[in-house]
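Per this note's numbering, residue 14 is the first one in the sequence shown, and the count goes up by one each step. Positions of the beta carbon are idealized from the N, C-alpha and C atoms, including for glycine. Bear in mind the structure is a predicted one, so any value in this text is a computation, not a measurement. Let me begin by presenting the structure, written as C-alpha cells, before commenting on it.
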Amino acid sequence: MGRILSGIIGVAWMLAPMVGAAADAEEFEDFWRVLRMDDTIEIMREEGLAHSADLGAEMLPGGADGAWALTVETLYGMEVLRGHTRSAMYAAVAEDDLGPLVDWFGTELGQRIVGLEISARTAQLDEDVETAAEQVFLERSAAGDPRVDQIARFIAAGDLVEANLAGSLNANFRFYQGLIEGGGDAVRLSEQQALATVQAQAEEIRADTLMWLNAFLYMSYQPLSDAEMEAYLEFMESPDGALLTRALFAGFDAMFAETSYALGLALGRQMGAVDL
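As C-alpha cells, this is what we get:
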C-alpha cells in the first residue's frame, strides 16, 4: 500500500511513556491543532483516493467504475480517517504530558516547519514533482551539500526507514487479508501466500522509502537555515521528540491498517460479484 509517513508525520520509537502529567482532552486538541493534523490527513486522503483508483483499474475486470469510485470515497471519508487516527493517537499518549510538544510546535519555527512539510507533501501529490525532488536530492548529495547530512541525521533519529517499513508491510498484509475475506473463490490466495508476498516486498519498500524520505525531507527543509534545522534536530532527538514520534506512528499506523483492510475487503467483494 506504499509509504506511510515522514517528517513530523513520520517518526516513531516505541518507548515507555514519559513521566509527567497525563494528557487531557483539551491538551490533546491543542496538540492536534498545532500539528495541523486535519490538513495532513486530507493530503493522505488524496493519496489514498489516487492509489485506490489505480488498484481498481488494475484488479477489477471492468476497471475502476462508478461503483468502485463511490466505495472508495466512503472508505476514505475524512471523518473515517480522522477517527482512526485520533482514537489510536490519543490512546498512545493518554498518560503523557503533551504540553512541551504543544509549546514547541506553537512557536514561529514550529509552525513554519509544519507548514513546510504540508506544502511539500501537497506538491508531491504530483508525480512529476516527486520525481524532480528525488533528482534534486541526488544532485545535492553528489555535491556534498551539508543539508544532506542533516537529513540523514533526522532519519536516523527517528529510525524512519524501519518504522515506515514496518507500517507499510503491516498495511499491505491487512489489505491482502481483506481481499481474501471479501473475494472468496474469486481470490485464489491463502494468508500464507499473502504473508510471503508481503515479506518479499520488504527490500524494495525499504529502498523506495529511503529515497522518498530523503527527497521529501530535503524539499521540506530546504528553506530552513542550518541553525533552524539544528534546533529541530535537537528537539527530535530529545525525549519530547520521541513522544511525538510514538504518538504519530500510533495514529497513522492504525489509520493505514484499518483503511488497507477495508480497501481489500471492498475490492475482494467487487471482484467476487463480477466473478459470479
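Run of the alpha helix (DSSP H) containing residue i, from where it starts to where it stops
i: residue 160; result: 159-170
i: residue 200; result: Premise fails: residue 200 is in no alpha helix (DSSP H) and is neither H nor E.
i: residue 290; result: Nothing can be reported for residue 290, as the shown portion of the chain is limited to 14 through 289.
i: residue 42; result: 38-47
i: residue 148; result: 140-155
Residue i versus residue j - alpha carbon distance
i: residue 263; j: residue 150; result: 29 Å
i: residue 137; j: residue 130; result: 11 Å
i: residue 160; j: residue 153; result: 9 Å
i: residue 87; j: residue 158; result: 44 Å
i: residue 72; j: residue 110; result: 46 Å
i: residue 51; j: residue 114; result: 17 Å
i: residue 242; j: residue 146; result: 19 Å
i: residue 230; j: residue 222; result: 12 Å
i: residue 155; j: residue 39; result: 47 Å
i: residue 235; j: residue 203; result: 46 Å
i: residue 179; j: residue 121; result: 33 Å
i: residue 143; j: residue 108; result: 38 Å
i: residue 62; j: residue 175; result: 25 Å
i: residue 89; j: residue 58; result: 6 Å
i: residue 163; j: residue 170; result: 10 Å
Spatially closest choice to residue i from the options, by CA coordinates
i: residue 189; options: 282, 241, 40, 62; result: 282
i: residue 244; options: 118, 78, 107, 60; result: 118
i: residue 276; options: 193, 47, 52; result: 193
i: residue 249; options: 62, 145, 123, 101; result: 123
i: residue 54; options: 273, 265, 184, 279; result: 265
i: residue 42; options: 99, 252, 254, 56; result: 99
i: residue 237; options: 116, 205, 125; result: 125
i: residue 233; options: 267, 128, 148; result: 128
Supposed close pair residue i, residue j - CB separation, criterion 8 Å
i: residue 65; j: residue 93; result: Actually they are not in contact, since the Cβ atoms of residue 65 and residue 93 sit about 13 Å apart, beyond 8 Å.
i: residue 173; j: residue 226; result: 6 Å
i: residue 56; j: residue 135; result: 6 Å
Beta carbon of residue i nearer than 7 Å to that of residue j
i: residue 69; j: residue 77; result: yes
i: residue 197; j: residue 285; result: yes
i: residue 166; j: residue 246; result: yes
i: residue 105; j: residue 259; result: yes
i: residue 211; j: residue 185; result: yes
i: residue 270; j: residue 187; result: yes
i: residue 274; j: residue 191; result: yes
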